[in-house]
Amino acid sequence: MVERILADRVREPSRTIGRGQASVNIALCKYWGKRNRELNLPFNSSLSVTLPGMDVETELLPGSGDRDEIELCGPGGTLPDDAADRVSGFLDLFRPRPDFRFRVRTRSSVPPAAGLASSAAAFASLVRALDDLFQWRLGPRELSILARLGSGSACRSMYRGVVIWHAGVRNDGMDSFAEPLNIGWEALRIGVVMISASRKGVGSRPGMDHTVETSPLFACWPETAERDLAAILGALEARDLERLGVAAECNALCMHATMIAARPPLVYWTAQTVTAMRTVWELRRAGCPVYFTIDAGPNLKLLYAAGETAAVRRAFGEIRECAPLAANE
Ligand code: 2P0
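Going by the working numbering, the first residue of the sequence shown is number 890, and it counts up by one from there.
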């Protein structure tokens, strides 16, 4: 696949340093489960919004010695060995020669492995840095396919705003790519309720494989997700927060239900996660339209309109907030 995308592009670095940047994305309709593990091909299409300001920047240089040098600056400190191995494994796809080494310097404004999709932004920014270092000048669709090979959800971090990742049907994965949808929504807010920033026990990758292999509820997930995606897209186009919030919340809970039904069960929530979910439902009962989504971690991402910021802060404290679909973002 890489051969096909790079075709006649040069395979030697064209500059001394390549740079890339990408922001994390939060799925409103989730990706969970692969029909092909090697190519990160999903069972269902998914839809996300990119969160500006929660960024990963990558610098890529030719390295030396007998292994890649991978540095991570920012919250969370150094990259654990397994994550560095995953980056090196991905870089294997692009080495001009087997003994060619890369030096990767990554700066992140989000903690890794806290269910905030920092790996999506990391692989998207790494692919941009590769494109810059080698001066391939690939189009966004090709870049999104390459990012997908690093981490499925990374293909969505190739764009700002609302992004759809088409699951595709082909075995070679060439029709499984992300593209942006031109939807503005000045008032929409996403607030991150950080319950824990520590590394999760089970990564998304083994977590989704385990769910596919053992959860009796997984069989109905792909179809449910495709239906949710249509509802979420319709709600975004209509700027209808209630429809959006209900569909996104149900989609997240349905994904977690498939995990909880896995054998043994996979539960990313803590007691505080459940408490926060109940707080959201209480706020709604009290007339404050706020909704949540939860990824493969304990943290909640809240969806609400700008006018509810004060009420949300009264309930959850000083949460990190952004306006992902505002015109000036
Ligand atoms: C998502 N997640 O759609 C879902 C929701 C987590 C829960 O995409 O194995 O890190 O690299 O393809 O992309 C996390 O999975 O997994 C993820 P790989 P990835 O955002």
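C-beta atoms are modelled at their ideal positions from N, C-alpha and C, and glycine is treated no differently.
These numbers were taken from a predicted model, which means no experiment stands behind them.
Beta-carbon gap between residue i and residue j smaller than 7 angstroms
i: A1009; j: N914; result: yes
i: A1223; j: M1047; result: No statement about residue 1223 is possible, as the shown extent of the chain runs from 890 to 1218 and does not include it.
i: R1037; j: N929; result: yes
i: L917; j: I1208; result: no
i: A1216; j: G1073; result: yes
i: C1211; j: L940; result: yes
i: S997; j: V945; result: yes
i: E1219; j: I894; result: Beyond the ends of the chain as shown, which are 890 and 1218, falls residue 1219; an answer cannot be given.
i: R908; j: E948; result: yes
i: L1106; j: A1141; result: no
Cβ-heavy atom distance, residue i to ligand 1, below 6 angstroms
i: N1140; result: no
i: N929; result: yes
i: K919; result: yes
i: R1088; result: no
i: S935; result: yes
i: R1094; result: yes
i: S1014; result: no
i: G1041; result: yes
i: A1195; result: no
i: A916; result: yes
i: S1008; result: yes
i: D1184; result: yes
Given residue i as reference, the closest of the options once Cα atoms are compared
i: P1178; options: A1199, G907 and L895; result: A1199
i: L1125; options: R1088, F983, G1050 and L982; result: G1050
i: P902; options: N933, D1020, A1150 and L930; result: D1020
i: P1213; options: G922, I894, G942 and R898; result: G942
i: P985; options: E892, D1064, D971 and R975; result: E892
i: P1153; options: S1065, A911 and S1104; result: S1104
i: R1167; options: A1151, A1150 and L1191; result: L1191
i: P1187; options: R1173, G1176, A1165 and E958; result: A1165
i: D897; options: E1171, E1068 and L1027; result: L1027
i: L950; options: R1128, D1061, P1069 and Q1024; result: Q1024
i: P931; options: N1071, A1067 and V1091; result: A1067
i: R1088; options: A1119, P969 and L1189; result: P969
i: Q910; options: W921, L1172, F979 and R994; result: R994
i: Y920; options: S912, V1156 and S1042; result: S1042
i: W1170; options: C1139, V1156 and L1155; result: C1139
Quiz item: Does the pairing of the segment 1042 to 1062 with the segment 1077 to 1086 give three or more beta-carbon distances under 8 angstroms?
Solution: Segment contact: the segment 1042 to 1062 against the segment 1077 to 1086, fewer than three CB-CB distances shorter than 8 angstroms; contact not assigned.
Quiz item: Any chance the segment 1095 to 1105 sits against the segment 1189 to 1205, with 3 or more Cβ pairs inside 8 angstroms?
Solution: A contact is defined here as three or more CB-CB pairs under 8 angstroms, and the segment 1095 to 1105 fails this definition with respect to the segment 1189 to 1205.
Exercise. Flag this pair as touching only if the segment 1179 to 1188 and the segment 1139 to 1148 have three or more C-beta atom pairs under 8 angstroms; answer yes or no.
Key: Three or more pairs of CB atoms, one per stretch, sit closer than 8 angstroms, so the segment 1179 to 1188 contacts the segment 1139 to 1148.
Quiz prompt | Three CB pairs or more closer than 8 angstroms across the segment 988 to 1000 and the segment 950 to 959 | solution = Yes, they touch.
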